[in-house]
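Before any comments, here is the structure.
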Amino acid sequence: MIKGDDLIYASNVFGRIIINDSFIDGVANNNPYLFSVLIAEMSNREVKDDEFVNRFLKQLMINKNGNLFREIKNNQNLGQFDAYAIEESRPILFALFNDVKVASVNQAWRVSGNKLYLNLKKKQKGLQ
């Protein structure tokens, strides 16, 4: 566990650089695995940032990031005992959904859920 001056330094780096919107926008598609490592560690409300995961995933979806879409496409499997499994070989999905607490705290479903909702709403308007 990080303590003292190291904690202050780490907090400054995280707050001023890592979760900076410009940094996320610029790095998300070039190195999505950097953020995956961070997200996997965000399992409690004290360390999460409300918009960090949301912005990261938006960037991947807007730019149709090959890594994310490849992981989704290649993860259509059933694990042992016919249960859905997310393997470590798919680092973005693994970071987001392997630990229910991480997925819940960071609302990992939010970007795709909101996009689906808006698409359904748009289709519904077209039917009226």
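Just so it is clear: in the sequence shown, position 81 is 1077 by the working numbering, and no numbers are missing. Glycine included, C-beta positions come from ideal geometry on N, C-alpha and C. These numbers were taken from a predicted model, which means no experiment stands behind them.
For the pair Asn1016 and Leu1056, the CB atoms are not nearer than the 8 Å cut-off. A straight line joining the alpha-carbon of Phe1065 with that of Asn1059 spans about 11 Å. Counting only runs of at least 4 residues, the stretch 1001-1038 fully encloses the following alpha helix (DSSP H) elements, listed from N- to C-terminal order: 1017-1023 and 1028-1036.
Counting along the chain, the unbroken alpha helix (DSSP H) around Ile1088 starts and ends at Pro1087 to Phe1093. By alpha-carbon distance to Ile1020, the top candidate from Ala1036, Asn1102, Val1049 and Glu1037 is Val1049.
The Cβ neighbour count for Glu1084, taken over all protein chains shown within 10 Å, is under 16; the residue is labelled exposed.
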